[in-house]
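Here's the structure, in structure tokens; my notes come after.
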Amino acid sequence: ILIVGVGLFLMACIGTWSFSLAAVERCAERINQNYLCLDSLEEGINLVEDDPCTGKYYVGRGCYPNSDGMVQLDAAIMDGKDLRFGSVCALEGYSKPISVARCVMEKSKHSMLVGSGAGSFALNMRFVLEPNDNLMTEETRLAYEKYKLGHSAGLVAHDTLCKGESLHSLM
79 ILIVGVGLFL
89 MACIGTWSFS
99 LAAVERCAER
109 INQNYLCLDS
119 LEEGINLVED
129 DPCTGKYYVG
139 RGCYPNSDGM
149 VQLDAAIMDG
159 KDLRFGSVCA
169 LEGYSKPISV
179 ARCVMEKSKH
189 SMLVGSGAGS
199 FALNMRFVLE
209 PNDNLMTEET
219 RLAYEKYKLG
229 HSAGLVAHDT
239 LCKGESLHSL
249 M
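Following this line, the structure appears as structure tokens:
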């Protein structure tokens, strides 16, 4: 989601995902209520990240796991005002990676944290760690079970471990 504005005037709130309308609407609503830009953005993206229906797009709760059965999430955020940047990659156990990425930007000397380093940071910042099963839906659990049984012939798509196999095509 991109929020473009000059001073206090919102010019555009743009979503590039096919499922981003709810996030864009929330961002615009919050901006119009005088929320800070980053607060509006984070809240809008959290709405999508915590919706299991959007997980099939590899965003937040309901996401397909990697080939080892782990849900790993990535997020990045930037403040164009001063060019601060924060991101997390391969974050396990947290359904709202954009919030962790923002915390990296605001409370860390780093701009990117990955894997167990991102997870340790999130835990230290008091984000709630969730079991991997809580981040999957019945749909993604069943897809992973099919995958483990060897029904993955010809599957190539997103995999956070880059093993060249994916669960998405099992749907």
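Residues 79 to 249 (my numbering) make up the sequence shown, in order. Just so it is clear, CB atoms sit at the ideal spot from N, CA and C, and this is done for glycine as well. Nothing here was measured: the structure is a model prediction, and the numbers come from that model.
Skipping 5 residues on each side, what residues in its chain have a beta carbon closer than 6 angstroms to that of residue i?
i: T238; result: Its pLDDT being 46, under 50, T238 is placed unreliably by the model, and nothing is read from it.
i: G193; result: A168
i: P130; result: R139, G140, T215
i: F199; result: L191
Spatial neighbours of residue i within its chain, please: CB distance less than 8 angstroms, with the 5 preceding and 5 following residues excluded, ordered by chain position.
i: C240; result: Low local confidence applies: a pLDDT of 42 at C240 is under 50, so the model's placement there is unreliable, and no value is given.
i: M249; result: With a pLDDT of 46 at M249, under the threshold of 50, the modelled position of that residue is not reliable, and no figure is offered here.
Going by DSSP, name the residue or residues bridged to residue i.
i: E170; result: Q150
i: F205; result: F205 is not bridged to any residue.
i: R162; result: D157
What residue range is occupied by the uninterrupted beta strand (DSSP E) comprising residue i?
i: V19; result: The structure shown does not extend to residue 19, since the chain spans only 79 to 249, so no value can be given for it.
Hey, residue i and residue j: beta-carbon distance below 7 angstroms or not?
i: K174; j: E127; result: yes
i: T215; j: G147; result: no
i: E120; j: I176; result: yes
i: A154; j: L125; result: no
i: L201; j: L207; result: yes
i: E170; j: G195; result: no
i: S118; j: R108; result: yes
i: M183; j: R162; result: yes
Within its chain, find whatever has a CB closer than 7 angstroms to the CB of residue i; leave out the 5 residues flanking it on each side and keep chain order.
i: A231; result: Note on A231: pLDDT 48, under 50, position unreliable in the model; the coordinate value appears next. Here the set comprises nothing.
i: A179; result: A153, A154, I155, G164, S165, V166
i: W95; result: Y135
Along the alpha helix (DSSP H) that carries residue i, what are the first and last residues, could you check?
i: Y225; result: 216-226
i: D117; result: 115-127
i: N212; result: Per DSSP, N212 belongs to no alpha helix (DSSP H) and is neither H nor E.
i: S177; result: 175-185
i: R104; result: 99-110
At a Cβ threshold of 7 angstroms, is residue i touching chain D?
i: P209; result: Considering every chain present, this structure includes no chain D. It has just one protein chain.
Next item on the list: Could you say if the segment 102-113 and the segment 182-189 meet the contact criterion of at least three C-beta pairs nearer than 8 angstroms?
Entry: no
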